[in-house]
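Mapped onto my numbering, the consecutive letters of the sequence shown carry residue numbers 30 to 807.
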Amino acid sequence: MNTQPQTTMTVEQALGQAHAHWNAGQADQAERLCQHVLALWPGQSDALHLMGLMAHAYGNLDLAIDHLRRACQAPRVPAVYLSNLGEMLRQRGLLAEAEVAARRAVTMDNALVAGWNNLGIILQEAGKLEDSLTCLERVVALQPNYAEAHNNLGNTLKRMGRLDQARQRYEYALNLAPAYAEAQSNLANLLNDLGRPDEALAAARKAIDLNPRLSDAYINAAAVELGRNRNEDALRWIDALLSYAPLHAGALTVRATALRHLERLEEALADARRAVAQQADNGEAQNVLGEVLQALGQHDEALAAFDKASKTLGFAPEKALINRGVLLMERGDKAEAKAAFEQVVAQFPRSASAWFNMSDLHRFQAGDPAVTKMEALLYGPDPVQSQTDRTALNFALGKAWMDIGDADRAFGYLNEGNRQKRATFAYDAAATGRWMADIAAAFPADALKKAKSSLAGSDQAVFVLGMPRSGTTLIEQILASHPQVAAAGELSAFNNLVNQLGPYPQIAGHLTPEITGGLGQRYLDFIRPLAGGRRKVVDKMPSNFLFAGLINLALPDARIIHVRRDAVDTCLSCYTKLFTREQLFTYDLAELGQFYRAYERLMDHWRAVLPADRFIEVRYEDVVDDQEGQSRRLIEAIGLNWDSAVLDFHKTQRTIRTASLNQVRQPIFRSSMGRWKPFAAQLTPLLTALGIDPNAPDAPMDVPAAVPAKKPTAKKAAPKAEKAPEPVVETPAPEASAPKAKAAPKKAKAEAPVAEPVAAPAEDAAKPSRSRRKPAAS
């Protein structure tokens, strides 16, 4: 067939044939005809427009934009060409130029539905949400059955925090088009924000069934799993996406977040850098890169990444500024951190995450305007609707009213925040108690002799463990003030290595000195690079109390320091904290008491079977009463000579990523001892579970019987071991996206806005998709 343009063909005929070839999938012939037209008439807008559509379809966005820009220079350019140019510029991230083009389009043709739709999306991404809302409401008024417009309107409403209205729009779009995968994916995103993870995951799965190549649906499924701390499951969703889109920046960003949670930091860094290399102006990618660098202790680089993210569009700037504040807080720059959070709430007054983080640095007083502002976000005329945000604000207000001294108001907010958090997961307190009893049964005294390794060098490891909020961070800070001690923070390493051996504690029956020696060696290989040339490395993962017996088998010369604190003070402190990683037992007072009793029974067992020179106990209250004496005892117990620097622990400069990061940078005060007593009336379910009578003349500080003074007792939290009944994961660190903080994810979620690049015949219109749209010829 002869596809060369006929020399006698008019421009109109050539263009007509070019469109026919393009619609028939014959791009080469269409392009030759367009080139023929441009040779006869340089700058002919119709030919340039079609050339732009073809370049866009084949993934050459820059060339497509160049063609469209030239096409739109014509004096009587059709409005749809300007609309298409605006959409392509949006895809390229050139939002200011995109807005100009899109506004020109709707000015020329006030009834151009696709033009108003595209302008609404551009304004949405630029953060001009009220203007976006106006545009998209106009679209649905002009074309009520336009499913894509309802979806886009839902996206804008979601960004405005109007989650109920957003849900109505997504569901309306699905009523109009039940096979609309993008709306289904966006609904998944929304349901996750509303604290309904099971429904969210089901919606994401349905979106993937409808369109197996819809990248946002995989990202939203992964976000659900990240929110539930199921990082391996999140990786499976992302790896499925990367199998067909290996350089997808959003997927690489979410993968980096999951890997960071798993402490696979070098892998996380590689993925975060790949994401930024793909899209340097992607604010979420820059935020995640900063978070990984922060976890690696590379603070200057992390701050630089947050700074770049703060200059992008969308939600990234808010998250970047919060991340910056959290990093400063972890580094000990309290005044700078507080100023950073105050800047966020000034710029983003509805940022629950900023209020949440700031509340930990702020001492509230009666009449504090911050309290009024937070309460308005919960119960004012335009309240926040995200379940995560509402939970965070309840915890922040609980802390505020405790500062002020109003116990009833404080616990009104704390009870609601804990109830909301507790509703997001399944937890079986009785099963967890049985599991801890099984651990004790699996490690009797004779088993701790038969399977013990003879590993040399294990005295480098020091484990500080106990219940969350029992004083473990204080003890770590005291030890870390010694020049021969490196503080590694809360490491999941031992838990992860145990899981590789099989279900715990069932593996106990199969242990041999060779197996335990291999476990110990792998752990030492992990911590050795963290030592920085120092003799001791402190692993302060509280939930390692579950593994105390196995630690002694694998690392026979390691010191295990068990930190104890008054039972009710410990539990109250847990109940008032919204942990960034799951401590599933802490969000119900009765369950908290039941967990504490099970924990005490397990610690009684370890105390009975472990060597006294390897299992050292310290009582928080004893440290408060005799800081120097207890510090000398601990330094001697880990095999080091005394150094008076440990007495000035609050001056030690290091990064702390736990919920106690602010307290341990102050000298020891007695104010936290007996803290629970003014709140006894509010703690009845906890006191009942602990078996404590608040009216007894001298209520015991600890639940079990007293132990000899040389060996006090501690309390601890449980990690999530393989096949275990979901007890706990790790003690948290403050993070950026309100609880979730930092991660997340502020939740690594993607929305799938849908643009209709051209007003085209239905058969030519592309399927809507966030990452790629195929414009059609007009």
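C-beta: ideal position from N, C-alpha, C; glycine also.
Here the alpha carbon of Glu404 sits roughly 33 Å from the alpha carbon of Ala458. In the structure shown, the three-state DSSP call for Ala233 is helix. In this chain, the alpha helix (DSSP H) harbouring Leu148 covers Val142 to Glu154. With fewer than 16 neighbouring CB atoms inside 10 Å of its own CB, Thr136 falls in the exposed class.
Assignment of Asp95 by DSSP, reduced to helix, strand and coil, places it in the helix class. A contact between stretches requires three or more CB pairs, one per stretch, nearer than 8 Å, and the region 167 to 179 fails this requirement with the region 322 to 331. CA-to-CA, the gap between Gln612 and Asn573 works out to about 13 Å. In the three-state DSSP reduction, Ile590 falls in the strand class (E or B).
Going by beta carbons, Asp655 and Ile664 fall outside the 9 Å limit.
A contact between stretches requires three or more CB pairs, one per stretch, nearer than 8 Å, and the region 450 to 466 meets this requirement with the region 615 to 627. For Asp651, the enclosing alpha helix (DSSP H) covers residues Tyr649 to Asp654. About 6 Å separates the beta carbon of Leu124 from that of Leu342, a gap short enough to meet the 8 Å contact definition. Using a 10 angstroms sphere on the CB of Glu347, the tally of other CB atoms reaches 16 or more, which defines it as buried. Just measuring C-alpha positions, the residue of Ala517, Ala134, Pro585 and Gly518 sitting nearest Leu548 is Pro585. In the DSSP assignment, Leu494 is bridged to His591. Runs of the beta strand (DSSP E) lying entirely within the region 446 to 495, each at least 3 residues long, are 490 to 494 in chain order. The residue among Ala155, Tyr442 and Arg379 with its C-alpha nearest the C-alpha of Leu607 is Tyr442.
Gln197 and Leu220 have their C-alpha atoms some 12 Å from each other. Here the C-alpha atom of Gln416 lies approximately 42 Å from the C-alpha atom of Arg588. Here DSSP, grouped into helix, strand and coil, assigns Phe644 to strand.
Annotation: Val106 is outside any alpha helix (DSSP H) and is labelled neither H nor E by DSSP.
By the Cβ neighbour-count rule, Leu477 is buried, with 16 or more other Cβ atoms within 10 Å of its own. A distance below 7 Å between beta-carbons, with the five flanking residues on each side excluded, links Val168 to the following residues of its chain, in chain order: Val142, Trp145, Asn146, Gly149, Tyr175 and Ala178. When secondary structure is reduced to three states using DSSP, Asp568 falls in the strand class. In the same chain as Ala210, and ignoring 5 residues on each side of it, the C-beta atoms closer than 6 Å to its own belong to Ala236, Leu239, Asn240 and Leu243, in chain order. Within the model, the alpha-carbon separation for Asn352 versus Val317 is close to 10 Å.
It is roughly 7 Å from the alpha-carbon of Ser388 to the alpha-carbon of Lys428. Per DSSP, the unbroken alpha helix (DSSP H) holding Ala299 starts and ends at Leu294 to Gln307. In the three-state reduction of the DSSP assignment, Val413 falls in the coil class, being assigned neither a helical nor a strand state. In the three-state DSSP reduction, Ala53 falls in the coil class, being neither helix nor strand. For Val373, there is no enclosing beta strand (DSSP E); the residue is part of the alpha helix (DSSP H) that begins and ends at Lys363 to Gln376.
Taking a contact as a CB-CB distance under 8 Å, the pair Ile590 and Ile504 counts as one, their CB atoms being some 6 Å apart. The straight-line gap separating the alpha-carbon atoms of Thr282 and Glu646 is approximately 42 Å. Between Leu631 and Ala469 the beta-carbon gap is near 6 Å, inside 8 Å, which marks them as a contact. Spanning the alpha carbons of Lys340 and Glu166 requires a straight line of approximately 29 Å.
Counting C-beta pairs closer than 8 Å gives three or more between the region 419 to 433 and the region 445 to 455, which meets the contact rule.
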